[in-house]
Amino acid sequence: MSPSRPALSACFHTERVEREDLVMFINACFACTGQAEFYGSSGGQVVSVEFLHEYILGNYRRLYARTLAAGINHFNQALIAVNLLATGAETPPADRREEGLLIAAALRELPPQRALRALRALRERRVNNRRARAVIRDYLAGRPDPAFDAVKYRAHVRALATHAHLRLPGELGPFLFEPDRRAPFEAPLLERARQARYAKEAIFDLPLTVAEGLAAARGVSRDELLRRAAPRMTEGERLRLQRAAGREDVDLAVDLGRAPLTRVALYALSLPEEARRDRREELHAALERAAARALRKSPAALGRVAAVLDRSYSASGSSEKRRRPLAVALGVSYLLRAAAREYRAFWTAPTPDEILVDARGQTDLATPLLDALACRPDVVVVLSDGFENDPPGAAAEVARCFRARLDPGQRTSIVHINPVFDSERYAPRGLGPSIPTVGLRDAEDLPTVLGFARFAEGTAPLAELERYLAQRAAALLSRHGRPSVAAETAGATASGEEAVEALAAPGEEAVEALAASGEEAVEALAAAPGAP
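Printed below as a string of structure tokens:
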């Protein structure tokens, strides 16, 4: 007996709601970091994103866990891991192994301070089940330099060891739990940390974050600390401290050769205009190299591309994310230029040199969008926070008329990339139904979010979204030596590189090709023993 028409209608409606729920959640996880934005407070961000996490966790637990591998930002990866560990009793038996492996793999790929902070949140939430203790034990045991972690992240490691009832190896236990110990340690770093309590000179041999606290307690000035600790600073620390060093007349030579694209853009925009003019060639070359590194990690070959880039005043960001939207726009411009066969950038206020770009004025997206569409590109990427006010709604109307009158065959794809989370909408703010919107935190993640854009457009079925998440989970597990689990998880495979390359193809295929982003899954499965 075939199902009735009302039953089929209800089935399709349920599938559509599930797909929309998951797309909204993943989109939020690309952009939201729980920090204040230009138009929203940090409190509103946290409340909105925590509600989304609770809703998806309660209704789509397996897909919620697989979202760990979808390329979302670190803030949401950590929150997912904590929520899964806190509700382990609700995990279906068939999903326990995969879920546990995904949590462990995601924690290993997080920056250590983020992973340790997430695990410490388990203590604050009074989560101490067997799986949580095992995850804490395995994470600490798998760290490459436990002594360094014990010194730099002493409070975190000590709290986790206590919470999980761990017996730490070697001298780690005495170092963490015997603060008044006078006997020397055999481990050089632990011994230097012990000596720093008594000898000023030993402070400068410690990791900078540890030395900062000890230096303040012993009356060492910050400029002296920065000057003497400079040879041991990481490039991330140099970039982070550059502004403070400038105020204190300390010269920190910053090597931009290994910094991620967005961080290089943030550094460039933090410099005064005169310094940017003087170092124009250096900064331009650093941005080009960073874009090339990002493309080697996540390849994307595009055809004719035009970008509409928002440099209105709201792109200056907030006190917690200063100039970040503008830096993402600058980084995306360099990434698209490196990936495209032909590329043109249209800023909301024309700028003669992108290196000198700043945030000012109203948000007029319609004018640069008209200029971009006049070039007849294969893809138009609009990067904006979505708060269009000069005039409101004009870009959506331009896109609607373009689709209806000039491009009914959808030969040109239009995608809105938004680096800002709108807490009132539980998603990045869109520009209208004619333009799919995808969230983005870092410019170097653009190939990943382009692969997700078809789901935001609403044309892909739920089954395809589930396959996409399965492929991403397979790739994550394969990277951490779990090929058999990855092969079981993957299901059908699809190459994300082909999907992004096809953005350059004219016609309806260009829109459909925004779908898959499973290149990493395919590569990982191909490298796995016994993989198809």
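For what it's worth, our numbering labels the leading residue of the sequence shown as 25, then goes sequentially. Glycine included, each C-beta is placed from N, C-alpha and C at the ideal position. Please read all numbers here as calculations on a predicted model, not as lab measurements.
Fully enclosed alpha helix (DSSP H) runs of no fewer than 4 residues occupy 154-165, 170-176, 178-187, 196-201 and 212-219 of the stretch 151-222, in order along the chain. In terms of Cα proximity to residue 194, the closest of 482, 432, 406 and 170 is 170. Here residue 72 is not bridged, per DSSP, to any residue. Assigned with DSSP and collapsed to three states, residue 364 falls in strand. Just so you know, the alpha carbons of residue 495 and residue 50 end up roughly 15 Å apart. The Cβ-Cβ distance between residue 79 and residue 46 does not fall below 8 Å.
Between residue 368 and the set 403, 379, 301 and 166, the nearest pair of CA atoms involves 403. Under the rule that a run must span 3 or more residues, the beta strand (DSSP E) segments found entirely inside the stretch 455-515 read 461-463. Counting other Cβ atoms within 10 Å of its Cβ, residue 337 stays below 16 and is therefore classed as exposed. For residue 447, there is no enclosing alpha helix (DSSP H), as DSSP marks it with neither H nor E. For residue 442, the closest C-alpha among the options 433, 436 and 456 is that of 456. Excluding residues up to 5 positions away in sequence, 226 lie with their Cβ nearer than 8 Å to the Cβ of residue 219 in the same chain. Restricting attention to 37, 44, 60 and 38, the CA atom closest to the CA of residue 445 is found in 60. DSSP places residue 288 inside the alpha helix (DSSP H), whose first and last residues are 285-294. With at least 16 other beta carbons inside 10 angstroms of its own, residue 102 counts as buried. Comparing C-alpha distances from residue 466 to each of 242, 357, 198 and 88 shows the shortest one belongs to 357.
Here residue 118 is exposed: its Cβ has fewer than 16 other Cβ atoms, across all protein chains shown, within 10 Å. The three-state reading of DSSP puts residue 96 in coil, since its state is none of H, G, I, E or B.
Here residue 389 carries a coil assignment [DSSP, helix/strand/coil]. DSSP places residue 244 outside both helix and strand once states are collapsed to three, so it counts as coil.
Rounded to the nearest angstrom, the Cβ distance from residue 289 to residue 311 is 7 Å, consistent with a contact under 8 Å. Taking a contact to require three or more Cβ pairs closer than 8 Å, the stretch 359-368 and the stretch 429-437 do not qualify as touching.
The continuous beta strand (DSSP E) containing residue 330 extends over residues 326-333.
With contact defined as three or more Cβ pairs closer than 8 Å, the stretch 315-324 and the stretch 337-350 are not in contact. When Cβ pairs closer than 8 Å are counted between the two stretches, the stretch 61-68 is seen not to touch the stretch 465-482, the count staying below three.
Judged by DSSP secondary structure, residue 422 falls within the alpha helix (DSSP H) whose first and last residues are 418-425.
Here the alpha carbons of residue 394 and residue 414 stand approximately 14 Å from one another.
For the options 95, 69, 332 and 52, the alpha carbon positioned closest to that of residue 408 is the one of 332. Taking a cut-off of 8 Å on C-beta distances, the stretch 485-504 touches the stretch 90-110, as three or more cross pairs fall below it. In the structure shown, the three-state DSSP call for residue 62 is coil. Annotated three-state conformation of residue 341 is strand, per DSSP. When C-beta atoms of the stretch 474-486 are compared with those of the stretch 69-76, fewer than three pairs fall below 8 Å, so the two segments do not count as touching.
In chain order, 224 and 227 place their CB closer than 8 Å to the CB of residue 242, counting only its own chain and leaving out the 5 sequence neighbours on each side. Around the beta carbon of residue 53, 16 or more other beta carbons sit within 10 angstroms, so the residue counts as buried.
When rounded, the separation of the alpha-carbon atoms in residue 185 and residue 196 is 10 Å. Rounded to whole angstroms, the Cβ separation of residue 81 and residue 111 is 7 Å, and the two are in contact under 8 Å.
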